[in-house]
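First comes the structure, then the notes that go with it.
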Amino acid sequence: MGRALIVSAGASSNEYIAARLAEMGYARPVILPSGAEARRRMPDADFDLIVVNAPLPDEFGHELCMDAGVVFLVKAAQAEQLLAPLNEQGVLLLSKPFSNTLFVQVMHMAAASNHRLQRLRQENARLQDKISQIRLVSRAKCCLVEHAHLTEAEAHRRIEKLAMDTRRDRTEIAQEILDSYEDVGV
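See below:
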């Protein structure tokens, strides 16, 4: 499994959470005692699961939970008022006390949600890259239509043919076309 982060100030809680996560395959989770320290470490490390055990010594901890794969452990008294805002942010809230079975189930749900979110992020990045490639080729076609006086179909064919003839990607050809017209000062 991936990496897990526990943000908690309680030693006995840390042992319990770390043991349950180890049973799930998260070997040696990182344990941090404060929200400030967690904020410093989170950008540098890619955690698959984050468990925040409230309250923390420097803050309550719910602000820290606005990331994917986060489980927020909070006393039942505060759980009701935090449920709606944290639910909107995709945070799983588990009120204390809880059973071992419920804890493990929530950890599995958080891990599954995080895996799904990671796949969606990868797909989003792939689609964003594809969109930028299409935009680049479209700009090159517009440049050929405007300056070489080609039709859109002719400009498309020229880019495709150059790409096939030179065995390069259409985006490389499109970038060269844009650069050539930029160098001419058009």
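In my numbering, the protein residues as written are 10 to 195. Backbone N, C-alpha and C define an ideal beta-carbon position, used for all residues, glycine too. This structure is a prediction, so every number in the text was calculated from the model and none was measured.
GLU68 is positioned such that its CB atom lies no closer than 8 Å to that of GLY99. Under the DSSP assignment, ALA134 falls in the alpha helix (DSSP H) whose first and last residues are 109 to 156.
GLN184 sits away from LEU153, with the two beta carbons spaced by 8 Å or more.
For LEU92, the uninterrupted alpha helix (DSSP H) run begins and ends at 85 to 97, by DSSP. A residue is called buried when at least 16 other Cβ atoms come within 10 angstroms of its Cβ; SER17 meets this threshold and is buried. Residue state for ALA27 is assigned as helix, using DSSP reduced to three classes.
Membership of ALA13 in any alpha helix (DSSP H) is not indicated; the residue belongs instead to the beta strand (DSSP E) covering 13 to 16.
Distance between ALA36 and SER141, taken at the CA atoms: about 39 Å.
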